[in-house]
Amino acid sequence: MDPETQAAVDELRKLITMSGTINMEIFYWWCTAIMVMIHAGFLAYEMGASRVKNALASGVKNILAFAFIVPTFFLFGWWIYLAFPGGFTIDEAGVAGLPWSANMGPNLTDNASGVFWAAFTMFAATTASILSGSLIERIRLSAFIILAVLLGSVIWILAAAWGWHPAGWLHTKLGLHDVAAAGCVHVIAGFFALGVIINLGPRIGRFAPDGTPMEIPGHSAPMTMIGLMMIIVGFFGFLGGCIIYVTGDQWINIYGQPATLSAFAFNTLMSFAGGIIGCFLMTRDPFWMMSGALAGIISAASGLDVYHPALAFLIGFAGGCIIPKVQDMLIKLKIDDAVGAFAVHGAAGAWSLVAAGIFASGYPSAAGPDSSLYGQLVSLAVFASLGFIPGFVVSYVLKLFGLLRITPGAEIAGLDLVEIPLKPYPEGLTPSTNGNGHAAPQGVPAE
Amino acid sequence: MNGSPVTAWEGTEAYFTFADRPFLIVVALVLTAIVTVGVIVHSAKHETKAFRRFP
C-alpha cells in the first residue's frame, strides 16, 4: 500500500473508532436517562401505596434514597465493583474507581468511566428504591437512608462484582449466567428488604390482635399503577445498560459472550406479557397485574439474551403466577411487606436464576465453566445470603438503639403531619380515609 | 481562583478542576463525605425531636 493510501486508511480507522466511542457514550447516556424513569415510577408507586397521611413522607424517602446513593456510590461504590470480582481480595483494577482517580472526572482519554459509573449508579438507586416500598409508613427516614446506602452503594455492587462482572468469581468459578442482573439487583434487594421488615415489624393495624390480616389500602391505586408502568419504561433503559457496546463488532453481554439487543427486545416484551397474564390469572387485581409485569421481566432476566421468546413468555408467566402466592405466605407469617417487594424482586429474581439453570445450561464462556443448574443454585444461595444477612443485622442494631422505627404516636398521626411542611392535596380534595387509616366505608347508594 | 490544571488542550488527559492539586481534591472529597454523613445525623436528631410530640 502506498503511503498516501495508508494515511487515508489510518485516518478512516481513527474516524470509525472515534465515532464508535461517541456512539457508546450516547447509548449509555440515554440508558441512564431512561433509568431515571424507574425512580419516577417508584416515587408514584410508593406514594400511591401509602395512606394519604403518609403520601409525601413516602415520596421524600424515595427522593432521598436517590440523592444519597449518588455521592456514596461515587465515594466508594464504583471502587467496590472494580476491586472485588475475586471475592474479598482487592484487585488492582479498583484503583480506577477510587474517587481521586484521574478516571473519575472529566478526562479526554476516558469516554467510558463516567457513563458506566452513571448507569451503575442508577442500578444502585433502583436497589434502594426496591427496599423503600416495603418499609413505607413506619421506618425512620434516617434509618432508611443508612440502609439504602448500605444496600445501594455497598451490598448490591459487591454482589455485582461477584456475579455481574466479566471476572466475577460466580461466573469464572461456577459459570453463573445472569445477564440482566436478576441476582445482584433483585435477589439482593428482595432478601435485604426481607431482613429489614422482619425487624421493623408490621404497620399498626396490619394484623388484628388475633393475627387476622387487615388490608391497608393505599390512597391512590391509579397512582401505583401508573408508577408501575413508568418503572417498566425505565426497565428498557436498565436492560439496555446490561449489554456492552463494542465498536466495530457484535454486542457482548456483561460476561463477554456475544449477544444482541434484539434478543433483549424479544424476551423483555414476551416475559412482560407473561407476567401480567400470570398475575391476572391468579388475582384479577390490577395492582398485582402491573407487579406481574415487573416480575415477568425479572423472571426472564437471567437468560434474557438466550431464551426463545416463547420460553421467555412461559418463564414470565410462571413468575407472575408465583409472586402473589409468595406474598400470601409472608402475610401468613405476619410479615408486612407493604408493596410486595420481596415477592416481586426476591422471589422472581430467585426463580430467574433457577430458570436459567433449568433451561439455559450448557452455554459456553471464555472466562469460566459452562452455565449449569448447579452454578445457578449456588449463586442464588450466595446472593440471598449476601442480601439477607446485612439487612437483618444492621436493622437489628438500629432497632436495639431505638433508631429503626417511628413512635406509635407518629405512626397513628401520620408522617406528613409530623415531618413534612407541606400538604399533599388541597383542602376538600383529600382522598377519604377514616381515623385508623383504613378505607372509609362507602356511602349507601340512593335507591 | 484558577482551577484549571491545563494551559492548552493538546495532549490533555484529566482536566477537571484542581486535577494537578491532589490536596484540594481530597478536601473536596472529605467535605462531600462530611455533608453526606452530617445530614443523616442531623436528620436523625430532627426526627427524634419531632417524635417527642407524638410519643
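For the record, the sequence lines run as chains F and E.
Our numbering numbers the first residue of the first sequence as 1 and each following residue consecutively.
Our numbering numbers the first residue of the second sequence as 448 and each following residue consecutively.
Ideal Cβ placement from N, Cα and C applies to all residues, glycine included.
Run of the alpha helix (DSSP H) containing residue i, from where it starts to where it stops
i, result
"F:S113", "S113 to S134"
"E:G485", "P469 to F498"
"F:G319", "P309 to K332"
"F:D416", "L415 to E419"
"F:S299", "P286 to A301"
"F:Y45", "P3 to A49"
"F:V394", "L373 to L400"
"F:K173", "W169 to L174"
"F:F359", "A348 to F359"
"F:T268", "L261 to T283"
"F:V196", "I188 to L200"
"F:Y81", "W78 to A83"
"F:K61", "A55 to T72"
Neighbouring residues, chain F, relative to residue i (Cβ below 7 Å)
i, result
"E:E460", "A102, N107, L108 and T109"
"E:P502", "T407 and G409"
Chain-ordered neighbours of residue i on chain E, where CB pairs are closer than 7 Å
i, result
"F:S142", "I487, S490, A491 and E494"
"F:L403", "A491"
"F:P99", "L476"
"F:F68", "T483"
Nearest residue (CA-CA) to residue i, options the options
i, options, result
"F:G278", "F:I323, F:A118 and F:G409", "F:I323"
"F:L330", "F:S352, F:A293, F:L194 and F:A367", "F:L194"
"F:I22", "F:L170, F:G248, F:V306 and F:T172", "F:G248"
"F:K332", "F:T212, F:V418, F:A348 and F:Y28", "F:T212"
"F:N199", "F:S134, F:G205 and F:I38", "F:S134"
"F:F123", "F:G256, F:P166 and F:M37", "F:M37"
"F:F266", "F:L131, F:A310, F:G97 and F:A67", "F:A310"
"F:P99", "E:L471, E:K492 and E:P502", "E:L471"
"F:W288", "F:P408, F:N62 and F:K325", "F:K325"
"E:G485", "F:L56, F:E46 and F:F68", "F:F68"
"F:P424", "F:F116, F:N54, F:L380 and F:Q327", "F:N54"
"F:H308", "F:A263, F:A8 and F:F272", "F:A263"
"F:P202", "F:I146, F:C242, F:E137 and F:T260", "F:E137"
"F:L64", "E:A497, E:T483, E:K492 and E:A455", "E:T483"
"F:P217", "F:G77, F:F388, F:V397 and F:D337", "F:D337"
"F:S50", "F:G414, F:I420, F:F388 and F:P421", "F:G414"
"E:F501", "F:E419, F:T89, F:W351 and F:T407", "F:T407"
"F:F76", "F:Q250, F:W156 and F:T109", "F:W156"
"F:L43", "F:S395, F:V339 and F:I276", "F:V339"
"F:W449", "F:S379, F:L398 and F:L403", "In the structure displayed, chain F extends from 1 to 447; residue 449 of chain F sits before or after that span and is not available."
Chain F residues whose Cβ lies nearer than 8 Å to that of residue i
i, result
"E:F470", "Those within 8 Å of E:F470 in chain F number zero; the least Cβ separation is about 10 Å."
Exposure label - residue i; buried when at least 16 CB within 10 Å
i, result
"F:V196", "buried"
"F:Q6", "exposed"
"F:E411", "buried"
"F:P390", "buried"
"F:S19", "exposed"
"F:S385", "exposed"
"F:D305", "buried"
"F:Y45", "buried"
"F:R405", "buried"
"F:M104", "buried"
"F:Q327", "buried"
"F:M290", "buried"
"F:W164", "buried"
"F:V418", "buried"
"F:P441", "Caution applies to F:P441, whose pLDDT of 41 falls short of 50 and renders its modelled position unreliable; the value that the coordinates give is listed next. Exposed, since its Cβ has fewer than 16 Cβ neighbours within 10 Å."
"E:D418", "With chain E represented from 448 up to 502, any question about residue 418 of chain E goes unanswered, as that position is not in the structure."
7 Å Cβ cutoff met for residue i and residue j
i, j, result
"F:P364", "F:G175", "no"
"F:P85", "F:G168", "yes"
"E:S490", "F:L141", "yes"
"F:T224", "F:V149", "no"
"F:A208", "F:M270", "no"
"F:F383", "F:V179", "no"
"F:V185", "F:T127", "yes"
"F:L377", "F:S361", "no"
"F:H345", "F:I130", "yes"
"F:L158", "F:I254", "no"
"F:G41", "F:G227", "yes"
"F:A273", "F:A348", "no"
"F:K61", "F:F144", "yes"
"F:A355", "F:I315", "yes"
"F:I34", "F:G234", "yes"
Partner residues on chain E for residue i, Cβ-Cβ distance less than 9 Å
i, result
"F:L75", "L476, T479, A480 and T483"
"F:I34", "Per Cβ cutoff of 9 Å: no residues; F:I34 is ~27 Å from chain E at best."
Chain F contact residues for residue i, given Cβ-Cβ distances below 9 Å
i, result
"E:A497", "A410, V418 and E419"
"E:A466", "A102, G105, P106 and N107"
Contact set between residue i and chain E, taken where Cβ atoms lie within less than 8 Å
i, result
"F:T72", "T483"
"F:A413", "F501"
"F:I145", "I487 and S490"
Residue-chain proximity (residue i, chain B), Cβ-Cβ < 7 Å
i, result
"F:I80", "Absent from the structure: chain B. Protein chains present are F and E."
Check: residue i C-beta below 6 Å from any heavy atom of the ligand ATP
i, result
"F:V52", "Ligands displayed in this structure: none; no statement on the ligand ATP is therefore possible."
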